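Each residue of the sequence shown is one higher than the one before, starting from 1 at the first, in the numbering used here.
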Amino acid sequence: MTALIDLSLLRSSPSVSPFSIPHHQHPPRFRKPFKLRCSLAEGPTISSSKIDGGESSIADCVIVGGGISGLCIAQALATKHRDVASNVIVTEARDRVGGNITTVERDGYLWEEGPNSFQPSDPILTMAVDSGLKDDLVLGDPNAPRFVLWEGKLRPVPSKPTDLPFFDLMSIAGKLRAGFGAIGIRPPPPGYEESVEEFVRRNLGAEVFERFIEPFCSGVYAGDPSKLSMKAAFGRVWKLEEIGGSIIGGTFKTIQERNKTPKPPRDPRLPKPKGQTVGSFRKGLTMLPEAIANSLGSNVKLSWKLSSITKLGNGGYNLTFETPEGMVSLQSRSVVMTIPSHVASNLLHPLSAAAADALSQFYYPPVASVTVSYPKEAIRKECLIDGELKGFGQLHPRSQGIETLGTIYSSSLFPNRAPSGRVLLLNYIGGATNTGILSKTEVELVEAVDRDLRKMLINPNAKDPLVLGVRVWPKAIPQFLVGHLDLLDTAKMALRDSGFHGMFLGGNYVSGVALGRCVEGAYEVAAEVKEFLSQYAYK
């Protein structure tokens, strides 16, 4: 979910995730052309089979995991790099695509139980247009306010520079401290990898951290900012100080560099979002993975669970899957593992114990999504704008005594999400600072959310909510903790040094947890696969 609770690719099962391991120096050439094998096990024997009813041949790439990252990598290869990757297979352990993108429609309601929306960057808009979804895009109101709970009141977050002097979420002293820090009047960098909390307190002061960044970390990562790495989790902001000596100095330098290098012409097919907004699709986020899967056709294999990978003598890989038809083996020139790091760790351990050990150390805390509906008259009058609940939603700092991480105003954000007269609220609870949700029942989770909402948004005497869905993700979002990038580099180097060229990982623990970053990362991984295949594989 974006900005406010962009829990992006929530992951709870081995079937989907995404990550990228680039090849490096001198991968071996394939010594001879070899055919893509798809074989079915009949008892102890393996018999030859065909993949799409056509001639058997070696796959250019097998992508393990049919979540959003795996599908987008396949789509990027199909649309941008078909000259070197014409035979791409996507395998998915579940019986559906999309991973933890989970859209539900029932009784006039439409809601998300995984990621909720995306920032409409050009990469994700390109993916949507290429998938035939341009006319199904829906964008939120760029002027919709976002709120943070502070001292019992929902306070709007400034949305433009002219709001800064007047918003009441910070004191005058806090605003001055942030301003001076942003221009470089603050303690120097300490010389070691800082947590998000350390970086923000040093650069912008306590109020910015406690009232903006801490709840933002809860919303985006469901994380603990005292442990999240600034460099890994918010690398673009971290880099500003690195290149310009301060956040403002880095911003000016970035603008100057951007102006020196003219942008290539923008794809005229893409819509032009107005302002800072978020996007989805007419029938929810699930439309994107389903559209991509439809375009890929029979090259998407459902209910195929990877059980082992081996390196072939000619440089490719053999992958063995458990399928409804029995054990199936595929051979491929390259492999992209778009599964959670802990699942990838188990599968890669026979190839590289060092890579497996590094991948096993990434942490995924639990998160629950709780979707409820109230009649419009249940909303407190002071929370209405022109008689309506308007806005993106609200975040709750951990210091404010609220268990829920935040709430998205789903029926206000996008059209046709709830029946007339009803308000649809998507709430997230749990995360790195509240792993105890795993011991709670669904009823207890709903009670916790309802109790919190009645403290600031819902009238205390309102009727009980209509409960639409409760989904607990035991392993939700990878945490970009201090040391994250070092662990990732260790895994990549271990695979490279062991000779596993053409083995890639892709997805949210590499690219970032926001849905849009997973799509951007998919294009990046596809480019790496293309480079590998064009340089070292037989065509």
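Beta carbons are placed, not taken as given, at the ideal position from N, Cα and C, and that holds for glycine. Here the structure is a predicted model, which means the values were calculated and not measured.
Any non-hydrogen atom of the ligand PLP within 6 Å of residue i CB
i	result
Leu488	Annotation note on the ligand PLP: not contained in the displayed structure, which lists no ligands.
Neighbour-count burial assignment, residue i, 16 or more Cβ in a 10 Å radius
i	result
Arg31	Its pLDDT being 32, under 50, Arg31 is placed unreliably in this model, and the coordinates cannot settle the point.
Asp489	exposed
Glu151	exposed
Arg236	exposed
Leu481	buried
Asn461	exposed
Asn87	buried
Phe166	exposed
Pro465	buried
Glu528	buried
Arg186	buried
Phe252	exposed
Ile21	The pLDDT assigned to Ile21 is 31, lower than 50, so where the model puts this residue is not dependable, and the model offers no usable value.
Val443	exposed
Leu164	exposed
Nearest neighbour of residue i, chosen from the options [CA to CA]
i	options	result
Glu388	Ala291, Arg155, Glu377 and Arg398	Glu377
Ala273	Gly140, Thr407, Met503 and Glu444	According to the sequence provided, residue 273 is Pro. The question's Ala does not apply to it. The shortest Cα separation from Pro273 among Gly140, Thr407, Met503 and Glu444 belongs to Gly140.
Lys475	Tyr374, Tyr363 and Thr441	Tyr363
Arg517	Ser121, Ile429 and Asp267	Ser121
Ile292	Gly506, Leu133, Leu515 and Gly483	Leu133
Pro419	Tyr374, Pro397 and Gln276	Tyr374
Ala491	Thr320, Asn461 and Ala354	Ala354
Arg496	Val196, Ala356 and Val443	Ala356
Lys305	Gly315, Glu325, Lys311 and Thr286	Glu325
Ile332	Pro350, Phe147, Val343 and Thr310	Here residue 332 turns out to be Ser, not Ile, going by the sequence shown. Checked all of Pro350, Phe147, Val343 and Thr310; the closest Cα to Ser332 is Thr310.
Ala494	Pro350, Phe147, Lys440 and Val328	Pro350
Leu110	Ala76, Gly499, Ala178 and Lys283	Lys283
Val467	Ile458, Glu290 and Glu447	Glu447
Gln394	Gly297, Asn203, Asp386 and Lys455	Lys455
Phe234	Gly421, Gly512 and Asp386	Gly512
Pro156	Gly244, Thr261, Arg211 and Leu445	Arg211
Glu290	Asp486, Thr254, Glu444 and Gly99	Gly99
Phe540	Pro415, Asp60 and Lys440	The structure shown does not extend to residue 540, since the chain is modelled only from 1 to 539, so the question has no answer here.
Arg177	Leu485, Leu312 and Arg202	Arg202
Residue i, enclosing beta strand (DSSP E) - first and last residue
i	result
Tyr509	Premise fails: Tyr509 lies in the alpha helix (DSSP H), Asn508 to Ser511, not in any beta strand (DSSP E).
Gln75	Run containing Gln75: none in the beta strand (DSSP E); it sits in the alpha helix (DSSP H), Ile68 to Lys80.
Thr91	Val88 to Glu92
Phe281	Gly279 to Phe281
Glu112	Tyr109 to Glu112
Thr441	That residue, Thr441, is in no beta strand (DSSP E); it is neither H nor E in DSSP.
Val220	From DSSP, Val220 is part of no beta strand (DSSP E) but of the alpha helix (DSSP H) over Glu214 to Tyr221.
Leu466	Leu466 to Trp473
Ser303	That residue, Ser303, is in no beta strand (DSSP E); it is neither H nor E in DSSP.
Phe504	Met503 to Leu505
Asn116	That residue, Asn116, is in no beta strand (DSSP E); it is neither H nor E in DSSP.
Gln331	Gly326 to Met337
Leu481	Note, Leu481: premise wrong, no beta strand (DSSP E); not H, not E.
Thr323	Tyr317 to Thr323
Beta-carbon spacing of residue i, residue j below 7 Å
i	j	result
Ile58	Asn299	no
Thr102	Glu113	yes
Gly174	Glu214	no
Ile73	Val525	yes
Arg417	Leu424	yes
Val372	Met503	no
Leu330	Leu319	yes
Asp95	Ser307	no
Met127	Val519	yes
Ile408	Asn116	yes
Val196	Met230	yes
Asp224	Thr433	yes
Gly205	Gly181	yes
Tyr523	Pro265	no
Gly479	Leu149	Before going further, note that residue 479 is Gln rather than Gly in the sequence given. No; because the gap between Cβ atoms is not below 7 Å, this pair is not in contact.
Glu609	Asp452	Given a span of 1 to 539 for the chain in the structure shown, any question on residue 609 remains unanswerable.
Arg269	Val62	no
Val470	Val343	no
Ala368	Ile437	yes
Gly279	Gly406	no
Val64	Leu533	no
N-terminal and C-terminal residue of the alpha helix (DSSP H) that residue i is part of
i	result
Glu105	Not the alpha helix (DSSP H): Glu105 falls in the beta strand (DSSP E), residues Thr103 to Arg106.
Thr490	His484 to Asp497
Ala59	Element bounds for Ala59: not the alpha helix (DSSP H) but the beta strand (DSSP E), Ala59 to Val64.
Leu288	Met287 to Leu296
Leu125	Asp122 to Asp130
>> What ranges does the alpha helix (DSSP H) occupy inside the stretch 345-433, keeping only unbroken runs of at least 4 residues that lie completely in it?
In response: 353-359 and 410-413
> For the stretch 232-275, which segments carrying the alpha helix (DSSP H) assignment without a break, of at least 4 residues, lie completely within its bounds, in sequence order?
Replying inline: 235-244 and 247-260
>> I'd like the ranges of any beta strand (DSSP E) spanning at least 3 consecutive residues and lying wholly in the stretch 134-201.
In response: 137-139, 146-150 and 153-156
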